[in-house]
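Structure, as structure tokens:
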Ligand SMILES: Nc1ncnc2c1ncn2[C@@H]1O[C@H](COP(=O)(O)OP(=O)(O)OP(=O)(O)O)[C@@H](O)[C@H]1O
Ligand SMILES: [Mg+2]
């Protein structure tokens, strides 16, 4: 199996605090990887390190994507090359029209891939179709980006972006938190639709429920800044029953 | 003519020196008291007034030729009315004007009135919408003129002000006296790009808003050179003003707004919002006072200033002030100055939008709230375009508003 994204001995800090402490993880092409782990273990920090968030300072180790170390790359370069993070808490951007924003992003990516840009009408047709698939209110298309969106609406908007941007690596940081049952189903269906045997997923979650919809190939346990255990889907049950304490830190 | 030498004169000599009619003695005594401003004058403390009042100006003659009367636009060139337009419900004429605001705080307001022999008086007796274009072409001159707008009772008017012409190294001293009568409303929209090599404008105005009348001011100033807008507003009983100002200043210019809103009548309301974007070495000015007088019970007054500094050398002189003489009111004011939001910037970049484009989007978003106060969509788009041209040179940004347009199209062709 070829590895799409490989994280080697990654150390990272936020401010003065060491959060990731020599983390190793490899995402395989076309597979769904899930990460579970206690609050504060460093799951969001890992996802931010992968996309180049300004708060996270990588002090050691490598993130290899498409054969090159991307640790020094700008966030937009990583995104254009196909890495997508659905944020745990998407920010609100008042005054930036949701459709306008997404079209700019989609066309930037298309241009990067050497594809023709979409005009406003083509783009909106596609966006509207996905909006209705995800059960979003059509009015959200023309609102300001995430402004005043409910928790669930923000999460669906992240999935909408993911579906339009068609990334190669999709990181979902607690996409399931704050979603009602219908939303969870709609979002999961959206994600499943994006599985094409090539695209890889990293699903960060606290709940096994979403993993009933999106079947993971691997489960990783992240504790205190390291992956302490990797197993198959059967691990979910064990975690549910025993919690994280039985998984020792390395 | 040097303006500062007028400070040696008493009010009678001022009338004589400036060849003003005695009907303007109010202005003469006010100027004798307030004086032509200098660098110590409080209201001019953030601005470079000195060079303007010490220079020996050639005062531009104002031609009194018969104006054309065609189209929906009133055109004023170097202070002369050249087209009075053909607008239903509007009369436009030159007239001696003496209903001067004796309480105004600005010496130049009075000086401007004393120097102007006649004012361009626009009377609105029916609901209407029109444009006033100011053209400045005379170089190295002092161009002074006054415009008066009277909105009759129960009449609803929109006026849009635009500017053109270079008038290198001139000093434009002008402004409005605007009267919004009982139960009337005026939407006044100003959009002005001032280039580096152009004139220095000081627009010094007064607005009188009568009972139950409504004034909505939206000003858009995109400036690469010094300039000042001076505003005094009186609100009578249950009168309302909604003022929104967008300021973009660059190129080490000093530009801004000095205002006083005076609540005179009961239950009057005011809201004033300024957003400023300051680039390389620029100074933005928002020196704004709201005064609530004894007579103005149950008023509401809200004032807010937000500024974004794009460069470390930029500076915002933001002074929102409330001066209140009663208890029975609702009032607030606030002021913030900061940079673009890092989290928002990152979010956009994490979707593949390059940093310069992301910054651009956020700056337009910041401006959006003020542009959105213009409900005339055509004008709002025009103002957006003007802002983009000022900010990015000729760099064209893809449609923002068109998204709604296309959305409608798409909906339509699918039905
Ligand atoms: N901006 C920040 N400043 C200081 N500390 C931070 C910051 N962001 C995260 N941390 C700290 O880093 C540690 C790891 O946080 P992270 O968000 O990665 O945890 P997590 O595993 O995603 O937790 P959760 O399951 O609660 O989302 C926590 O102790 C957190 O307090
Ligand atoms: Mg987290």
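Residue numbers (this note's numbering), protein chains in the order written: chain L, 1122 to 1371; chain B, 8 to 422.
Note that CB positions come from ideal geometry on N, CA and C, so glycine has one too.
Keep in mind it's a predicted model, so treat the numbers as computed, not measured.
Sort out for me which residues DSSP pairs residue i with in a bridge.
| i | result |
| --- | --- |
| residue 264(B) | 236(B) and 293(B) |
| residue 1218(L) | 1265(L) |
| residue 222(B) | 193(B) and 248(B) |
| residue 122(B) | Answer is none; residue 122(B) lacks a bridge partner. |
| residue 137(B) | 166(B) |
| residue 1291(L) | 1205(L) and 1322(L) |
| residue 1146(L) | 1128(L) |
| residue 1133(L) | 1141(L) and 1179(L) |
| residue 241(B) | 215(B) and 269(B) |
For residue i, return the contacting residues in chain L, with the cut-off set at a CB-CB distance below 7 Å.
| i | result |
| --- | --- |
| residue 298(B) | Neighbours of residue 298(B) on chain L: none; closest Cβ ~31 Å, over 7 Å. |
| residue 375(B) | 1216 |
| residue 286(B) | Per Cβ cutoff of 7 Å: no residues; residue 286(B) is ~19 Å from chain L at best. |
Report yes if the CB atom of residue i is closer than 8 Å to the CB atom of residue j, and no otherwise.
| i | j | result |
| --- | --- | --- |
| residue 221(B) | residue 264(B) | no |
| residue 370(B) | residue 346(B) | no |
| residue 1315(L) | residue 1283(L) | yes |
| residue 25(B) | residue 149(B) | no |
| residue 183(B) | residue 156(B) | yes |
| residue 283(B) | residue 254(B) | yes |
| residue 1204(L) | residue 1156(L) | no |
| residue 288(B) | residue 311(B) | no |
| residue 257(B) | residue 227(B) | no |
| residue 1148(L) | residue 1126(L) | yes |
| residue 1230(L) | residue 1255(L) | no |
| residue 338(B) | residue 309(B) | yes |
| residue 1324(L) | residue 1177(L) | no |
With a cut-off of 8 Å, does the C-beta of residue i fall near any C-beta of chain B?
| i | result |
| --- | --- |
| residue 1214(L) | yes |
| residue 1209(L) | no |
| residue 1196(L) | yes |
| residue 1178(L) | no |
| residue 1306(L) | no |
| residue 1293(L) | no |
| residue 1282(L) | yes |
| residue 1141(L) | no |
| residue 1134(L) | no |
Tell me, please, whether the CB atom of residue i is closer than 8 Å to any CB atom in chain L?
| i | result |
| --- | --- |
| residue 1(B) | Since the first residue of chain B shown is 8 and the last is 422, residue 1(B) is not available in this structure. |
| residue 398(B) | no |
| residue 134(B) | no |
| residue 22(B) | no |
| residue 46(B) | no |
| residue 401(B) | In this predicted model, residue 401(B) has a pLDDT of only 45, less than 50, meaning its place in the structure is not dependable; the value taken from the coordinates is given anyway. Taking Cβ atoms only, chain L never reaches closer than 8 Å to residue 401(B), which makes this a no. |
| residue 122(B) | no |
| residue 368(B) | yes |
| residue 382(B) | no |
| residue 417(B) | Confidence in residue 417(B) is poor, its pLDDT being 40 and thus under 50, which makes the residue's placement unreliable; the coordinate value appears in the next sentence. At least one chain L Cβ lies under 8 Å of residue 417(B). |
| residue 19(B) | no |
| residue 364(B) | yes |
For residue i, go through chain B and note every residue whose CB falls closer than 7 Å to its CB, in chain order.
| i | result |
| --- | --- |
| residue 1172(L) | 357 |
| residue 1201(L) | 359 |
Name the chain L residues that come within less than 8 Å of residue i, Cβ to Cβ?
| i | result |
| --- | --- |
| residue 372(B) | 1214, 1215, 1216, 1217 and 1265 |
| residue 217(B) | None at all; the shortest Cβ gap to chain L is about 35 Å. |
Mind pulling the chain B residues with CB within less than 9 Å of residue i?
| i | result |
| --- | --- |
| residue 1230(L) | 358 and 359 |
| residue 1226(L) | 355, 358, 359 and 360 |
| residue 1236(L) | Those do not exist, as residue 1236(L) stays about 13 Å from chain B at its closest Cβ, beyond 9 Å. |
Please list, in chain order, the chain B residues whose beta carbon lies closer than 8 Å to that of residue i.
| i | result |
| --- | --- |
| residue 1175(L) | 349 and 353 |
| residue 1206(L) | 357 |
| residue 1286(L) | 358 and 359 |
Answer yes or no: does any C-beta atom of chain C fall closer than 8 Å to that of residue i?
| i | result |
| --- | --- |
| residue 1339(L) | The structure shown has no chain C; the protein chains it does contain are L and B. |
- Segment contact flag, the region 56-74 of chain B with the region 130-138 of chain B, C-beta cutoff 8 Å, min 3 pairs: Between the region 56-74 of chain B and the region 130-138 of chain B, the count of C-beta pairs closer than 8 Å stays below three; the two stretches do not touch.
- Item | the region 1272-1288 of chain L contacting the region 1179-1199 of chain L, beta-carbon criterion three pairs below 8 Å | At 8 Å Cβ cutoff, the stretches do not touch.
- Taking one C-beta from the region 1249-1265 of chain L and one from the region 1291-1298 of chain L each time, how about it: are there three or more such pairs within less than 8 Å? They do not touch, by the three-pair rule.
- Three-pair Cβ contact test at 8 Å for the region 38-50 of chain B versus the region 105-118 of chain B: Yes, they touch.
- Any chance the region 1352-1363 of chain L sits against the region 79-90 of chain B, with 3 or more Cβ pairs inside 8 Å? Not touching, per the Cβ criterion.
- Do three or more CB pairs link the region 295-305 of chain B to the region 322-334 of chain B at distances below 8 Å? Contact holds: three or more Cβ-Cβ distances are below 8 Å.
- Item | Three or more C-beta pairs below 8 Å linking the region 352-372 of chain B and the region 183-196 of chain B | At 8 Å Cβ cutoff, the stretches do not touch.
- Message: So, does the region 1130-1146 of chain L touch the region 1300-1309 of chain L, judging by three or more C-beta pairs under 8 Å?
- Response: Result no; under three Cβ-Cβ pairs closer than 8 Å.
- Query: Is the region 1176-1196 of chain L touching the region 1358-1367 of chain L in the sense that three or more CB pairs, one from each, lie closer than 8 Å?
  - Reply: Segments in contact, no.
- Message: Check whether the region 170-186 of chain B and the region 213-220 of chain B are in contact - that is, three or more C-beta pairs closer than 8 Å.
- Response: Yes: at least three Cβ pairs fall under 8 Å.
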